[in-house]
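Engineer: Residue numbers (this note's numbering), protein chains in the order written: chain S, 65 to 298; chain G, 65 to 298.
Number of protein chains: 2
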Amino acid sequence: MSKTNFKILEKPKRRRRTPASARREILDAAGRQLTKAGPDGLRLQTIAADLAISHSSILHHFGSRDGLLDALSKDAFAGLERDLKQSFAQPSSGDPATDLFDKIAEILSERGYARLLAWQLMSGRGPGESVAADSAGGAAQSTVGDESETGGLLDRLAPTVHALRLDHARDQGMSAPEIDETRRLLAFTACAVFGEAFAGELMLHASGLPHDTDSRTQFRHWVAKTIETQVFPD
Amino acid sequence: MSKTNFKILEKPKRRRRTPASARREILDAAGRQLTKAGPDGLRLQTIAADLAISHSSILHHFGSRDGLLDALSKDAFAGLERDLKQSFAQPSSGDPATDLFDKIAEILSERGYARLLAWQLMSGRGPGESVAADSAGGAAQSTVGDESETGGLLDRLAPTVHALRLDHARDQGMSAPEIDETRRLLAFTACAVFGEAFAGELMLHASGLPHDTDSRTQFRHWVAKTIETQVFPD
DNA sequence: AGCCCTATTGACAATTTTGTAAATAGTGTT
DNA sequence: AACACTATTTACAAAATTGTCAATAGGGCT
Numbered sequence: 065m066s067k068t069n070f071k072i073l074e075k076p077k078r079r080r081r082t083p084a085s086a087r088r089e090i091l092d093a094a095g096r097q098l099t100k101a102g103p104d105g106l107r108l109q110t111i112a113a114d115l116a117i118s119h120s121s122i123l124h125h126f127g128s129r130d131g132l133l134d135a136l137s138k139d140a141f142a143g144l145e146r147d148l149k150q151s152f153a154q155p156s157s158g159d160p161a162t163d164l165f166d167k168i169a170e171i172l173s174e175r176g177y178a179r180l181l182a183w184q185l186m187s188g189r190g191p192g193e194s195v196a197a198d199s200a201g202g203a204a205q206s207t208v209g210d211e212s213e214t215g216g217l218l219d220r221l222a223p224t225v226h227a228l229r230l231d232h233a234r235d236q237g238m239s240a241p242e243i244d245e246t247r248r249l250l251a252f253t254a255c256a257v258f259g260e261a262f263a264g265e266l267m268l269h270a271s272g273l274p275h276d277t278d279s280r281t282q283f284r285h286w287v288a289k290t291i292e293t294q295v296f297p298d
Numbered sequence: 065m066s067k068t069n070f071k072i073l074e075k076p077k078r079r080r081r082t083p084a085s086a087r088r089e090i091l092d093a094a095g096r097q098l099t100k101a102g103p104d105g106l107r108l109q110t111i112a113a114d115l116a117i118s119h120s121s122i123l124h125h126f127g128s129r130d131g132l133l134d135a136l137s138k139d140a141f142a143g144l145e146r147d148l149k150q151s152f153a154q155p156s157s158g159d160p161a162t163d164l165f166d167k168i169a170e171i172l173s174e175r176g177y178a179r180l181l182a183w184q185l186m187s188g189r190g191p192g193e194s195v196a197a198d199s200a201g202g203a204a205q206s207t208v209g210d211e212s213e214t215g216g217l218l219d220r221l222a223p224t225v226h227a228l229r230l231d232h233a234r235d236q237g238m239s240a241p242e243i244d245e246t247r248r249l250l251a252f253t254a255c256a257v258f259g260e261a262f263a264g265e266l267m268l269h270a271s272g273l274p275h276d277t278d279s280r281t282q283f284r285h286w287v288a289k290t291i292e293t294q295v296f297p298d
């Protein structure tokens with residue numbers, strides 16, 4: 065048959081990435097899909113389609129779907145910690161504490177970290193691992209101790225914040241707070257910030273408040289301020 | 065050959081449920097799987113296995129997998145609202161507000177509501193969606209218009225709480241707060257309570273605090289108290 | 001008892017998804 | 001230029017998952 069195939073036009077162009085950048089792109093796409101389409105978006109095909117590559121390529125770089133998900137989990141935590149540390153390091157303009165909470169809240173909600181975290185928690189591949197009743201053993205590997213790292217993030221933050229609180233209390237002529245109270249406040253703050261990042265828009269909406277991007281940012285600022293008055297009471 | 069099949073022992077025993085109770089059991093099992101195994105547990109086979117029935121039975125009652133998930137979403141909201149309303153109705157011993165927050169937090173975290181809510185939010189079948197067009201009316205599902213109901217839950221709560229705040233402010237000789245401030249506080253409270261319910265254990269753990277059941281309950285009480293002082297400042 | 005309705009099941013089809021193996025094609029090296 | 005290495009793809013196999021359909025059986029009814 066008159067095969068009208070113009071070999072000239074054929075473009076078997078492949079883009080060849082370095083293993084590192086390939087993994088990065090794939091992880092990014094996976095995170096993107098997760099935050100956009102939810103846990104159901106975490107199919108090899110979906111992710112591959114998002115990058116316009118074949119799913120086999122993903123398997124080549126991560127061995128298996130589970131390998132990818134594990135890497136995604138690890139990567140999310142690494143990224144979160146990196147961004148947080150960077151935020152900690154940056155000089156804050158204005159109220160130091162408020163500004164910090166502000167940044168953290170933004171990091172959590174802006175990039176997909178809140179959803180990534182939620183997914184990890186839900187699918188049981190996160191740091192929490194209540195380890196309640198695992199039917200058939202199986203997953204006994206867990207290459208790295210990410211848990212201890214992240215598990216202690218707030219813990220490592222506690223002394224610093226507590227020192228600030230002690231200073232503050234002295235300045236205000238108040239009695240010195242307990243370290244555990246500071247810990248509780250940190251845990252509470254983390255819960256609130258996470259909740260805001262994950263469900264803030266819904267809650268604003270449910271309260272009858274405007275929930276566009278600007279209002280959301282404004283709300284975040286207000287939340288940061290509110291929490292600050294808890295941690296550093298007048 | 066020597067087929068040692070004792071027909072006497074054969075137990076083709078089927079349990080025949082009413083459609084209502086079948087749906088209920090299936091929805092419960094689905095919720096159970098979701099909170100236990102995460103979104104990946106939401107396979108027809110998994111749910112069916114949990115109930116020791118065939119997956120066809122589920123399809124019979126819900127038409128399709130999506131039908132089940134929709135029903136699960138609706139049911140979760142209905143249940144949450146029911147439990148909340150019941151909690152609202154019950155007389156509170158002690159601080160009314162604190163007690164209420166307390167109960168809400170417990171409801172959210174104890175039963176799987178927090179995770180159900182999170183799943184809904186992530187998979188995009190939550191209430192934040194159908195917000196706009198409620199007047200469509202085409203879908204005459206018997207259940208209820210849960211979205212609109214819940215979407216305005218905090219909104220409908222606002223006047224009540226605000227009245228309390230006005231009274232409180234007068235008693236304390238403070239200037240009257242704005243209604244939007246009350247709304248923001250409600251939204252904030254919702255975020256915090258949800259965050260605590262969903263990730264409280266992790267956060268406690270991350271802060272270096274004990275995270276057993278008792279400590280968790282204690283922490284919830286403390287959170288409730290803390291929030292109360294925000295809503296009703298001294 | 002016999003009959004009807006339908007919840008339930010088992011077997012099967014269709015589609016999706018993960019995984020495997022060999023072929024293809026960039027990229028750097030000699 | 002020829003070669004080696006391997007990222008990438010294509011084609012295919014295997015498993016899992018959803019959905020269909022006819023047969024089975026539980027429970028209410030007369």
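Virtual Cβ for every residue (Gly too), placed ideally from N, Cα, C.
Can you confirm whether E260/S, when its beta carbon is compared against all beta carbons of chain G, has any partner nearer than 7 Å?
Structural biologist: At least one chain G Cβ lies under 7 Å of E260/S.
Engineer: On the CB-based measure, 16 or more other CB atoms within 10 Å of its CB, does Q184/S come out buried or exposed?
Structural biologist: Result: buried.
Engineer: From which residue to which residue does the alpha helix (DSSP H) around H119/G run?
Structural biologist: From DSSP, the alpha helix (DSSP H) with H119/G extends over 119 to 126.
Engineer: Rounding to the nearest angstrom, what Cα-Cα distance links K289/S and E145/S in this structure?
Structural biologist: Each residue's alpha carbon lies about 23 Å from the other.
Engineer: What did DSSP end up calling K138/G once you bin it into helix, strand or coil?
Structural biologist: Looking at K138/G - three-state DSSP - the assignment turns out to be helix.
Engineer: For G190/S and S137/S, which I take to be in contact (beta-carbon distance under 8 Å), what is that distance rounded to the nearest angstrom?
Structural biologist: About 7 Å; that satisfies the 8 Å criterion.
Engineer: Less than 6 Å between the CB of R107/G and some heavy atom of the ligand GDP, yes or no?
Structural biologist: The model depicted lacks the ligand GDP and carries no ligand whatsoever.
Engineer: Is it true that the stretch 96 to 111 of chain S meets the stretch 157 to 174 of chain S, where meeting means three or more beta-carbon pairs spaced less than 8 Å apart?
Structural biologist: Taking 8 Å as the limit for Cβ pairs, the verdict is that the stretch 157 to 174 of chain S does not touch the stretch 96 to 111 of chain S.
Engineer: Find the residues of chain G that neighbour M186/S, judging by a C-beta separation of less than 7 Å, and give them in chain order.
Structural biologist: Those within 7 Å of M186/S in chain G are G102, P103, R179, A182, W183.
Engineer: In whole angstroms, give me the CA-to-CA distance for Q154/G and A261/S.
Structural biologist: For Q154/G and A261/S, the distance between alpha carbons rounds to 32 Å.
Engineer: Between which two residues does the alpha helix (DSSP H) harbouring P223/S extend?
Structural biologist: Residues 217 to 235.
Engineer: Within a Cβ cutoff of 7 Å, which residues of the same chain sit near H269/G, ignoring the five residues on either side of it in sequence?
Structural biologist: So the qualifying residues of the chain are H275.
Engineer: Name the chain S residues that come within less than 7 Å of F141/G, Cβ to Cβ?
Structural biologist: By Cβ distance, chain S contributes nothing, its closest Cβ being about 12 Å from F141/G, past 7 Å.
Engineer: Any idea if R284/G is buried or exposed, counting beta-carbon neighbours within 10 angstroms, 16 or more meaning buried?
Structural biologist: Per the 10 Å Cβ criterion, buried.
Engineer: Taking CB distances under 7 Å as the criterion, tell me whether A270/G reaches chain S.
Structural biologist: It does; some Cβ of chain S falls within 7 Å.
Engineer: Use the C-beta contact count for K167/S: other C-beta atoms within 10 angstroms, 16 or more gives buried, fewer gives exposed.
Structural biologist: Label assigned to K167/S: buried.
Engineer: Residues of chain S with CB closer than 9 Å to the CB of F283/G, please, in chain order.
Structural biologist: What F283/G touches in chain S: R248, A251, F252.
Engineer: Express the C-alpha separation of R179/G and A84/S in angstroms, rounding to a whole number.
Structural biologist: Taking the straight line from one Cα to the other gives about 34 Å.
Engineer: Does the distance from the CB of F126/G to the CB of A135/G come in under 7 Å?
Structural biologist: Yes. Within cutoff.
Engineer: Taking a contact to mean a Cβ-Cβ separation below 7 Å, would you say A256/G touches G259/S in this structure?
Structural biologist: Yes, they are a contact pair.
Engineer: Residues of chain G with a CB under 9 Å from the CB of A222/S: which are they?
Structural biologist: In chain order: S271, G272.
Engineer: What residue range is occupied by the uninterrupted alpha helix (DSSP H) comprising M238/S?
Structural biologist: Careful: M238/S lies outside any alpha helix (DSSP H) and carries neither H nor E.
Engineer: To be precise: take each residue of the stretch 117 to 148 of chain G, compare its Cβ to all Cβ atoms of chain S, and keep it if any distance is under 7 Å. Which residues remain?
Structural biologist: Listed by position along the chain: nothing, the set is empty.
Engineer: When we look at the beta-carbon of M238/G and count the other beta-carbons within 10 Å, is it buried (16 or more) or exposed?
Structural biologist: With fewer than 16 other Cβ atoms within 10 Å, it is exposed.
Engineer: I'd like the span of the alpha helix (DSSP H) that includes A251/S, first residue to last.
Structural biologist: Where A251/S is concerned, the enclosing alpha helix (DSSP H) stretches over 243 to 270.
Engineer: State yes or no: is the beta carbon of M267/S nearer than 7 Å to at least one beta carbon in chain G?
Structural biologist: At least one chain G Cβ lies under 7 Å of M267/S.
Engineer: So which residues on chain S does G95/G lean against when the C-beta distance must stay under 9 Å?
Structural biologist: In chain order: nothing, as chain S lies at least about 13 Å away.
Engineer: Name, please, each residue of chain S whose Cβ falls closer than 9 Å to the Cβ of T290/G.
Structural biologist: Those are R248, L249, F252, Q294, listed as they occur along chain S.
Engineer: For the alpha helix (DSSP H) that R179/S lies in, which residues bound it at each end?
Structural biologist: From DSSP, the alpha helix (DSSP H) with R179/S extends over 177 to 187.
Engineer: Expressed to the nearest angstrom, what Euclidean distance is found between the alpha-carbon atoms of V287/G and D92/G?
Structural biologist: Whole-angstrom Cα-Cα distance: 29 Å.
Engineer: Who are the Cβ neighbours of S327/G in its own chain at under 7 Å, not counting the five residues just before and after it?
Structural biologist: No answer is possible for residue 327/G: it lies beyond the span of chain G, which begins at 65 and ends at 298.
Engineer: Taking Cβ-Cβ distances shorter than 7 Å, what residues in chain S pair up with D276/G?
Structural biologist: The premise fails here: D276/G is roughly 11 Å from chain S at the closest Cβ pair, so nothing lies under 7 Å.
Engineer: Under a CB-based cut-off of 7 Å, is V225/S close to chain G?
Structural biologist: V225/S does not count as touching chain G.
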